[in-house]
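Residue numbers (my numbering), protein chains in the order written: chain D, 13 to 181; chain R, 13 to 181.
We put the beta carbon where it would ideally sit given N, CA and C, even for glycine.
In this text, all values refer to a predicted model and were calculated from it rather than measured experimentally.
Worksheet: one structure, shown below.
There are 2 protein chains.
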Amino acid sequence: MTPPPDGASNELDPLERQVVGIFVDGVRVLGLPRSIGEIYGLLFVSRAPLSLDDLVLRLKISKGSASQGLRLLKSLGAVREADGNGNGERRTYYEPAVELKRLVGGFIREQVRPHLESGKTKIRHLSETAGAVEDPDQRKFLCDRVDRLEQWMRSGGRVLPLLQKILGQ
Amino acid sequence: MTPPPDGASNELDPLERQVVGIFVDGVRVLGLPRSIGEIYGLLFVSRAPLSLDDLVLRLKISKGSASQGLRLLKSLGAVREADGNGNGERRTYYEPAVELKRLVGGFIREQVRPHLESGKTKIRHLSETAGAVEDPDQRKFLCDRVDRLEQWMRSGGRVLPLLQKILGQ
DNA sequence: GGGTTTGTTCAAATTGAATTGAACAATCCA
DNA sequence: TGGATTGTTCAATTCAATTTGAACAAACCC
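Have a look at this one:
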C-alpha cells in the first residue's frame with residue numbers, strides 16, 4: 013500500500029498494461045522489437061512526457077534498451093523531445109507523435125525504402141546474369157521471371173506514396 | 013566434375029543463389045522465416061515444378077522445414093501443386109504463383125487481417141476500461157487516445173482493399 | 001501381411017536478434 | 001577539481017523463433 017521508496021510512481025496499472033500490450037503486438041507485426049512497443053505504448057497513454065529514467069523504472073527495462081529504443085523511435089519520427097521542459101531542467105522528456113501520417117511516413121522512410129532500394133540493386137545484377145545465359149529457352153524463361161520481379165518492385169514503389177496520401181486522412 | 017551419386021541435380025548454381033538470396037531478404041521484411049524465402053525463391057527460378065525432395069536436396073534444408081514451408085506457402089496461395097504430374101506419379105510437384113495480386117491477397121488475408129481483427133477486439137476492451145476512469149480530465153485524455161487508435165484501425169481497414177486493387181495491375 | 005516411398009508432426013537443438021549491465025562519455029554544479 | 005546526474009555504447013547473456021531429425025502416418029505395390 014505504501015508508495016515505492018522514492019516518490020516516483022511504479023508498476024503499470026491495468027489500463028497502461030492493456031495499452032502497452034496492444035503496442036507490443038502492433039510493433040511485432042511491423043518486425044520491430046518488443047521494447048519499442050513498450051516504450052511507445054507507455055508514452056502513448058501518459059499525459060505528461062516521460063524521461064528515459066521514467067521508462068526504465070516503470071517498464072522495468074534496462075537503460076540500454078530504453079536509450080536504443082528512444083533512438084529508433086526518434087529516427088522514425090514517432091517520438092519527440094518535449095520542449096519547454098521546465099526552467100533549470102537538465103533531463104529530457106519525450107512525448108509520442110500521434111499523427112498516423114507521420115508514423116507511417118517515418119516507417120516507410122526508415123524501414124521500407126532502404127529494403128526496396130537494395131532489392132532493386134540486386135535485381136539489376138540479376139538481370140545481367142540472366143541475360144548472359146547460354147541456352148536461349150532457359151534465357152527467355154529467366155528474363156521473363158526477372159521482368160516480373162522488376163514489375164513487382166515498380167508496383168511497390170508506386171504504392172508507397174499512395175499509402176502515405178491515404179493515411180494522411 | 014562428375015554429377016552427384018544420384019541422378020538428381022544438386023548445389024544451387026550462382027544465378028539460383030542470387031534469386032534465392034533476393035527472396036530470403038524479401039520475406040524477412042515481411043516477417044516470414046528464411047526457409048520460406050528459400051523455397052519460394054527456388055521454385056521461382058525453376059522452369060519445372062519441384063517436389064519436396066527436390067527442395068530438401070537442393071536447398072539442403074530438412075524435410076521438416078520443407079514440409080512446413082510448403083504448407084505456409086500453400087496457405088498464402090503463393091505455391092500450388094502442379095497438375096497433370098505424369099501418369100503413375102505419386103509424388104506431388106509444386107510451382108509458384110507469380111501474380112502479385114494473388115501473393116499480396118494471400119498475405120493480407122493470412123497475416124495481416126487476423127492481427128487487425130485481434131487488435132480491434134483489444135481496443136474495444138480498452139475503450140470500456142478508459143470510459144470507467146474516475147477523474148474526468150484523465151478520462152477525457154484517455155478516451156481521446158483510444159479514439160485515435162480506433163481511427164488508425166479504420167484507416168488500416170480501408171487501405172487493405174485499396175492495396176489489393178492497386179497491386180492487381 | 002511385409003516393404004518401399006512420400007509426406008507430416010513435434011520435442012529438442014540451434015541460431016540469431018533483443019536485452020542487459022557495466023564501463024564509458026558528457027554535462028553540470030559546488 | 002571532484003562528485004553527481006544523465007545518457008550512450010557494446011560485449012556478453014538471454015530468450016524466442018526457426019530448424020532439425022527421428023518417430024510416425026498414409027498410400028501404394030508385391
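Going by alpha carbons, who is nearest to residue i out of the options?
i             : options                       : result
residue 162/D : 137/D, 63/D and 32/D          : 137/D
residue 61/D  : 132/D, 23/D and 91/D          : 91/D
residue 140/R : 147/R, 149/R, 154/R and 130/R : 154/R
residue 54/D  : 45/D, 67/D and 46/D           : 67/D
Below 8 Å CB to CB, which residues in the same chain sit around residue i once its five sequence neighbours on both sides are set aside?
i             : result
residue 179/R : 112, 113 and 116
residue 56/D  : 31, 35, 108 and 110
residue 79/R  : 64
residue 124/D : 172
Confirm the yes/no value for this check: CB of residue i, any heavy atom of the ligand PLP, distance under 7 Å.
i            : result
residue 91/R : No copy of the ligand PLP appears in this structure; indeed no ligand is present at all.
Between residue i and the rest of its own chain, which residues show a CB-CB distance below 7 Å, the 5 nearest in sequence each way excluded?
i             : result
residue 17/R  : Model confidence at residue 17/R stands at a pLDDT of 46, short of 50, so the residue's coordinates are unreliable; what they give is reported in the following sentence. Closer than 7 Å at Cβ, skipping near neighbours: no residue.
residue 168/D : 128
residue 47/R  : 73, 77 and 81
With H, G and I counted as helix, E and B as strand and the rest as coil, what does DSSP make of residue i?
i             : result
residue 108/D : strand
residue 151/D : helix
residue 91/R  : strand
residue 32/D  : helix
residue 82/R  : helix
residue 62/R  : strand
residue 73/R  : coil
residue 180/D : coil
residue 169/R : helix
residue 126/D : helix
Are residue i and residue j closer than 8 Å when you measure CB to CB?
i             : j            : result
residue 120/R : residue 85/R : no
residue 43/R  : residue 38/D : no
residue 89/D  : residue 49/D : no
Taking just the CA atoms, how far does residue j sit from residue i?
i             : j             : result
residue 81/R  : residue 70/D  : 40 Å
residue 165/D : residue 134/R : 35 Å
residue 27/D  : residue 24/R  : 53 Å
residue 87/D  : residue 152/R : 30 Å
residue 93/D  : residue 59/D  : 14 Å
residue 147/R : residue 160/R : 20 Å
residue 157/R : residue 122/R : 29 Å
residue 175/R : residue 106/R : 27 Å
residue 150/D : residue 142/D : 9 Å
residue 29/D  : residue 22/D  : 12 Å
Looking only at its chain, what residues have a beta carbon closer than 6 Å to the beta carbon of residue i, apart from the 5 residues adjacent to it on each side?
i             : result
residue 103/R : 63
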